[in-house]
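Chemist: Structure in structure tokens, see below.
Protein chains in written order, with this note's numbering: chain A, -10 to 170; chain B, -10 to 170.
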């Protein structure tokens, strides 16, 4: 049994909306009795894929991230668009990397930013890879590259990889590895 | 040298704002030449702390997360409020857990949600603990508990811990452990 909410919601409105996300602003009473608002960012659930080749290297995309205004090495992924997570991941992987994976494992669901967002992230593992041609030109993705886990950790240690969503997926992947030796 | 942005920004407005975050909506030209908008969630940078006691157990808070409408086990943390990350973490740790830590290590900076947010997360390790009384009643925090890393991974495997920000911090902590044996 889950404990009840210590917050009360006394009103709600959509304060902002675009095709990818909206902000719902609720009127609330906090646990200490004070009144206020809570702005909740609502977006589609997302998928992120740990793509592993037969050398045990992990696939990363180099993608320009508009909010950070910089290029980032990240695991491939994207918005779920309402499909089952594996189907969404297959499409993202083909679009972003031109890869078709023959074997998929669900590593678990995580939440991206519990203080602000409703978004849940489906973390998947893809192996048994076949290579085709990437199809997506609109997302600002430049390179797809396989990187050894050792080098990934070196890049993380110096901040060359700093995407928290990728680190959450890699955490689940390392736990999966430890349980599937 | 960083590659240039493949996006062009042709306009910008604040579309929504509350005391904790705002949404900046930019008019853009995408890499493929199509025009559109990009909604960027701007918030203060945050801190998250891996608090480790002398049994090598990790401190978790049980906190009601309004966007998810459920209680979550998470590493303690919160908004940076412009202070240096370690100072912000000390305040959060005292507020949420009544703990004063004698030793701090910066585990690195990560980004919370590169597709939507500007928020960066400072990940810290706190050890050499002294225990006082928690002071914060407004945030909906119920319990602070130390959990062994083995049990943490069990809770993650069944979804009892699903906070991606906590997993990113734990990833950095495990790498730190591997390098500091």
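We treat Cβ as the ideally placed atom computed from N, Cα and C, and that holds for glycine.
Leaving aside the five residues before and after residue 81 (chain A) along the sequence, list all residues of the same chain whose C-beta is less than 8 Å from its C-beta, in chain order.
Modeler: Counted from its first residue, the first chain places residue 81 (chain A) at position 92. Cβ within range, chain order: 36, 38, 65, 66, 67.
Chemist: Closer than 7 Å, CB to CB, is residue 41 (chain B) near chain A or not?
Modeler: Translated into positions along the second chain, residue 41 (chain B) becomes position 52. It does not: the Cβ of residue 41 (chain B) has no partner Cβ on chain A nearer than 7 Å.
Chemist: According to DSSP, is residue 153 (chain A) helix, strand or coil?
Modeler: On the first chain, residue 153 (chain A) is found 164 positions in, with the first residue counted as 1. It is helical.
Chemist: Who are the neighbours of residue 12 (chain A) on chain B, taking C-beta pairs under 7 Å?
Modeler: The residue labelled residue 12 (chain A) in the question sits at position 23 within the first chain. Within chain B, the residues near residue 12 (chain A) are 5, 12.
Chemist: Check the Cβ-Cβ distances between residue 156 (chain A) and every residue of chain B, and say whether any is below 7 Å.
Modeler: In the first chain, counting from the first residue as 1, residue 156 (chain A) sits at position 167. Yes - at least one Cβ of chain B is within 7 Å of the one on residue 156 (chain A).
Chemist: Just checking: is the beta-carbon of residue 106 (chain A) within a distance shorter than 7 Å of some beta-carbon in chain B?
Modeler: In the first chain, counting from the first residue as 1, residue 106 (chain A) sits at position 117. Output row for residue 106 (chain A): interface = yes.
Chemist: How is residue 112 (chain A) classed by DSSP in three states: helix, strand or coil?
Modeler: Position 123 of the first chain holds residue 112 (chain A). Looking at residue 112 (chain A) - three-state DSSP - the assignment turns out to be strand.
Chemist: Keeping to the same chain, check which residues put their C-beta closer than 8 Å to that of residue 145 (chain B); ignore five residues upstream and five downstream.
Modeler: Position 156 of the second chain holds residue 145 (chain B). Scanning its chain for C-beta atoms nearer than 8 Å, with the 5 sequence neighbours on each side dropped, one finds around residue 145 (chain B) the residues 151, 156, in chain order.
Chemist: For chain B, find out if any of its Cβ atoms is closer than 7 Å to the Cβ of residue -8 (chain A); answer yes or no.
Modeler: Translated into the one-based positions of the first chain, residue -8 (chain A) becomes position 3. Judged by the 7 Å Cβ criterion, residue -8 (chain A) is in contact with chain B.
Chemist: Should residue 117 (chain A) and residue 92 (chain A) be called a contact, given that it needs their Cβ atoms to be closer than 7 Å?
Modeler: For the purposes of this step, residue 117 (chain A) is taken as residue 128 along the first chain, with counting starting at 1. For the purposes of this step, residue 92 (chain A) is taken as residue 103 along the first chain, with counting starting at 1. Yes; because the gap between Cβ atoms is below 7 Å, this pair is in contact.
Chemist: When the cut-off is 7 Å and only beta carbons count, does residue 49 (chain A) lie next to chain B?
Modeler: Locating residue 49 (chain A) in the first chain gives position 60, counting from the first residue. Chain B contact via Cβ: absent.
Chemist: Assign residue 35 (chain B) to one of three DSSP states: helix, strand, or coil.
Modeler: In the second chain, the residue the question calls residue 35 (chain B) occupies position 46. Strand.
Chemist: Taking buried to mean at least 16 other C-beta atoms within 10 Å of its own C-beta, is residue 110 (chain A) buried or exposed?
Modeler: Residue mapping note: residue 110 (chain A) aligns to position 121 of the first chain, counting from 1. Per the 10 Å Cβ criterion, buried.
Chemist: Report the residue from B:20, B:23, B:-4, B:28 whose alpha carbon sits nearest the alpha carbon of residue 10 (chain B).
Modeler: Start at 1 with the first residue of the second chain, and residue 10 (chain B) comes out as number 21. Comparing Cα positions, the closest option is B:28.
Chemist: Determine whether the Cβ of residue 176 (chain B) lies closer than 7 Å to any Cβ atom of chain A.
Modeler: Residue numbering for chain B in the displayed model covers -10 to 170; residue 176 (chain B) lies beyond these limits and cannot be assessed.
Chemist: Just grab the DSSP bridge partners of residue -3 (chain B) for me.
Modeler: On the second chain, position 8 is the one that residue -3 (chain B) refers to. According to DSSP, which records beta bridges pairwise, residue -3 (chain B) is partnered with B:18.
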